[in-house]
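>
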Amino acid sequence: MQIDPSTLIWTIINFLLLMVLLNRFLFKPLTKFMQERQRRIDAGLQAGRESAARLEDTQKAFLEQQQAQRITAQRQTEDALRGARDMNRRQREEHDTALRGQREAALAILREEQEQITQELYGDIPRMIDQLNDRINSQSAAGS
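In short: position in the sequence shown from 1, add 28, done, that's our numbering.
(1) Roughly how many whole angstroms lie between the Cα atoms of Arg120 and Asp107?
(2) By DSSP, does Gln30 sit in helix, in strand, or in coil?
(3) Excluding the 5 residues preceding and the 5 following Arg52 in the sequence, name in chain order all residues of the same chain whose CB lies nearer than 6 Å to its CB.
(4) Can you tell me the Cα-Cα spacing of Ala96 and Arg82, whole angstroms?
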């Protein structure tokens with residue numbers, strides 16, 4: 029087999045022309061399409077990472093806010109309980125004071141009544157003595 033130089037030259041020219049045409053119409057557009065696709069994928073991944081970071085930040089902020097609200101509610105509950113206990117204690121003290129006042133008033137009335145009864149009894153003693161003397165005298169006179 030002999031190689032013809034003109035065929036070899038035309039084969040090389042055809043091969044080079046084919047390479048130029050394939051490069052221009054196939055490889056460059058395909059490479060450009062693949063690069064664009066890779067750029068969109070990378071942009072999507074980056075957007076996903078940013079969304080995940082924002083979501084995480086939002087969740088942290090929400091949890092912190094929830095914790096702050098829980099603490100605020102707990103403090104308000106404790107304050108309300110403290111206020112209710114204070115009010116209950118003040119009402120008990122007022123009630124005790126009122127009862128002491130009523131007791132003192134009742135004792136004063138009882139003392140007055142006791143004094144009055146004592147004075148009535150002491151006032152009746154001479155009359156009762158006279159009545160007893162009259163009875164004794166009447167029984168002595170009847171017996172004599």
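Idealized CB from N, CA, C, for every residue including glycine. In this text the structure is predicted, and so the values were computed from the model without any measurement.
Working from what's here:
(1) Taking the first residue of the sequence shown as position 1, residue 120 is located at position 92. Taking the first residue of the sequence shown as position 1, residue 107 is located at position 79. Cα-Cα distance, rounded: 20 Å.
(2) Position 2 of the sequence shown, counted from the start, is the residue given in the question as residue 30. Note: Gln30 maps to coil in three-state DSSP.
(3) Within the sequence shown, numbered from 1, the residue matching residue 52 stands at position 24. Counting only Cβ-Cβ distances below 6 Å, and skipping sequence neighbours, we find nothing.
(4) Within the sequence shown, residue 96 is the residue found at index 68, counting from 1. Within the sequence shown, residue 82 is the residue found at index 54, counting from 1. Between Ala96 and Arg82, the C-alpha separation is close to 21 Å.
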